[in-house]
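Below is one structure; the comments refer to it alone.
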Amino acid sequence: MEGDGRSRDELVRRSAELDGVQLEEYRGSGRPEATASRGSRLLVLTCWIGGGLSALAAGGMFLFWPWHYVPPGEENHYLYTLYTPLLGLFLGLAVLGVAAALILTVKRLLPQEVAVQQRHLENGSSEEDRSVFVATVDDARDNAGLNRRSVFSRAALASGGILGTTLGVVGLGAFVRDPWETGPHAEPKDTLWHTGWRPQVGEKVYLRLATEPTKVELVTPADLEPGASLVVFPFREAEADDPEKLAKVMEQSDNPATLYRLPEDTDVAEWPERAGMNYGDYYAFSRVCTHLGCPVGMYETALDRAMCPCHQSQFNLADYAKPIFGPATRPLPQLPIDVDSDGYFIALGDFTGPVGPAFWLLGKQP
Ligand code: FES
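Residues in the sequence shown are numbered consecutively from 1, following UniProt numbering.
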């Protein structure tokens with residue numbers, strides 16, 4: 001019996017009458033058919049638990065899986081390649097599980113009714129209206145087995161909680177560590193910050209031509225006429241006898257640079273912070289477009305412009321490769337260069353900024 005002495009079933013039906021509702025079909029709490037089948041309950045429970053476990057797996061993967069890039073052929077490369085697909089799979093299963101559980105709860109556990117209701121425009125709800133509404137909601141909840149302490153409620157709470165936590169961790173996780181941060185996290189293996197041009201202590205990194213991987217040809221100033229350019233890759237003497245490393249250097253996507261020799265009368269803009277990064281008329285810039293990463297493979301000598309064929313971005317070489325046309329918004333990072341005592345071009349350090357479309361640093365990098 002409910003608050004005013006009537007049974008809940010009576011109140012539910014009275015609720016319908018008060019609202020001018022005609023119940024064509026209703027499975028009330030006292031009827032045998034109101035109880036959902038054991039199979040339905042089991043199915044809903046399975047979905048909740050499955051969704052929760054999948055969310056847990058996705059969260060665990062995000063936090064603990066070895067996601068750092070591992071080149072092909074090296075140990076754990078296989079684990080690295082599984083990271084993204086498995087994370088997507090578990091997140092997808094988690095959302096699917098929770099969605100399926102919600103849909104099945106409504107379709108199979110909540111009371112089914114067919115009712116016709118007339119609209120009415122009364123202000124506020126009477127005491128009786130409120131009583132019958134509460135009874136209706138309680139009735140639906142009990143029929144569905146969703147008591148506060150039922151296994152369904154607990155499964156739903158746990159599953160929803162885990163999924164919410166996982167989505168929060170995944171959403172915020174990317175902000176926890178800045179991939180460009182210098183300091184303790186800037187390890188040499190951090191490939192987001194460093195390229196193959198980064199010299200180790202006391203090491204000389206030469207500019208080599210883009211020839212066959214095992215055939216190393218260094219570059220001298222005499223190799224370039226004014227208004228000409230060359231594609232170059234990094235070479236270190238320690239790798240001279242290692243064909244595998246020589247080949248890998250040419251496969252690393254952020255390594256390619258272009259060495260330009262500007263015409264002698266070129267009026268180059270003043271960038272004090274770039275002083276000493278060029279060798280006379282020779283300038284080296286990343287070959288990877290800062291729009292979407294295509295090779296900036298064209299050099300229009302008469303206009304001092306490097307051009308990307310993909311979406312026609314143009315970079316002004318007389319202004320440190322500043323974009324002046326097209327969708328690219330960031331200059332091509334410059335490679336500081338010099339010529340050593342033997343007459344070969346060497347790199348004095350890594351590029352001046354992140355290579356390629358590093359969109360999250362827009363406005364921060366020159
Ligand atoms: S990738 Fe170079 S302009 Fe789009």
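Just so you know, even glycine gets a beta-carbon here, dropped at the ideal spot from N, CA and C. Please read these numbers as outputs of a predicted model, since none were measured by experiment.
### Query
Between the Cα of Leu87 and the Cα atoms of Val249, Pro272 and Leu63, which residue gives the shortest distance?
Leu63
### Query
Is it buried or exposed for Ile103, if we count other Cβ within 10 angstroms and need 16 for buried?
exposed
### Message
Less than 7 angstroms separating the Cβ of Pro226 from some heavy atom of the ligand FES?
### Response
no
### Message
Under 8 angstroms: do the segment 36 to 56 and the segment 130 to 138 share three or more Cβ pairs, one atom per stretch?
### Response
no
#### Entry: Buried versus exposed, by CB contacts within 10 Å (16 or more), Pro323
buried
### Task
Out of Pro327, Asp340 and Pro354, state which residue places its alpha-carbon closest to the alpha-carbon of Gln334.
Pro354
### Task
Keeping to the same chain, check which residues put their C-beta closer than 7 angstroms to that of Leu157; ignore five residues upstream and five downstream.
none
### Query
Sorted by chain position, which residues of the same chain lie with C-beta nearer than 7 angstroms to Pro327's C-beta, five sequence neighbours on each side aside?
His291, His311 and Ser313
### Task
Excluding the 5 residues preceding and the 5 following Val169 in the sequence, name in chain order all residues of the same chain whose CB lies nearer than 8 angstroms to its CB.
Gly59, Phe62 and Leu63
### Query
Taking all protein chains shown into account, do 16 or more other C-beta atoms lie within 10 angstroms of the C-beta of Phe325, making it buried, or fewer, making it exposed?
exposed
### Message
Using a Cβ distance threshold of 8 angstroms, determine whether the segment 196 to 203 contacts the segment 231 to 242, with at least three qualifying pairs required.
### Response
yes
### Query
What's the gap between the Cα of Glu217 and the Cα of Asp281?
21 angstroms
### Message
Using 8 angstroms as the threshold, is the C-beta distance between Pro295 and Arg305 below it?
### Response
no
### Query
Taking 7 angstroms as the line, does the beta carbon of Leu292 fall inside it for any heavy atom of the ligand FES?
yes
### Query
Closest to Arg116 by CA distance: which of Lys215, Gln22, Val70 and Thr211 is it?
In the sequence as displayed, the identity of residue 116 is Val instead of Arg. Checking every option, the nearest Cα to that of Val116 belongs to Gln22.
### Message
Beta-carbon within less than 6 angstroms of Leu79's beta-carbon, same chain only, minus the 5 sequence neighbours each way: which residues are those?
### Response
Pro66
### Query
Whose C-alpha, out of Gly227, Ala284 and Thr211, is nearest the C-alpha of Met250?
Thr211
### Task
Taking Tyr279 as part of the alpha helix (DSSP H), name the residues at either end of that continuous run.
Element bounds for Tyr279: n/a, residue is neither H nor E.
### Whole alpha helix (DSSP H) elements within the segment 238 to 264, 4-residue minimum
243 to 251
### Message
What does DSSP give as the partner residue(s) for Ala144 in the beta ladder?
### Response
Ala144 is not bridged to any residue.
### Query
Can you tell which of Arg198, Leu110, Leu91 and Pro111 has its C-alpha closest to the C-alpha of Gly171?
Leu91
### Distance cut-off 7 angstroms: Cys47 Cβ against heavy atoms of the ligand FES
no
### Cα-Cα separation, Phe285 to Gly97
50 angstroms
### Query
Does the distance from the CB of Leu110 to the CB of Asn143 come in under 8 angstroms?
yes
### Message
Shorter than 7 angstroms, the distance from the beta carbon of Gly356 to the closest heavy atom of the ligand FES, or not?
### Response
no
### Query
Which class does Ser7 belong to by DSSP, given the choice of helix, strand or coil?
coil
### Task
Express the C-alpha separation of Ser159 and Ala55 in angstroms, rounding to a whole number.
8 angstroms
### Task
Would you mind working out which of Phe152, Leu262 and Glu113 sits nearest Ala228, comparing C-alpha positions?
Leu262
### Message
Do Phe345 and Val268 have their beta-carbon atoms positioned less than 8 angstroms apart in this structure?
### Response
no
### Message
Taking the beta carbon of Arg8 as the centre, do at least 16 other beta carbons fall within 10 Å, making it buried, or is it exposed?
### Response
buried
### Task
Express the C-alpha separation of Asp254 and Pro213 in angstroms, rounding to a whole number.
16 angstroms
### Task
Using only the heavy atoms of the ligand FES, determine whether one of them is closer than 7 angstroms to the beta carbon of Gly326.
yes
### Query
Sorted by chain position, which residues of the same chain lie with C-beta nearer than 8 angstroms to residue 378's C-beta, five sequence neighbours on each side aside?
Limits of the chain in this structure are 1 at one end and 366 at the other, which puts residue 378 out of reach.
### Task
Indicate the three-state DSSP secondary structure (helix, strand or coil) for Lys322 in the structure shown.
strand
### Message
Quick check: is any heavy atom of the ligand FES less than 7 angstroms from the C-beta of Ser313?
### Response
yes
### Query
Do we get a CB-CB distance below 8 angstroms when we pair Pro71 with the residues of chain B?
This model lacks chain B altogether, as it is built from one protein chain only.
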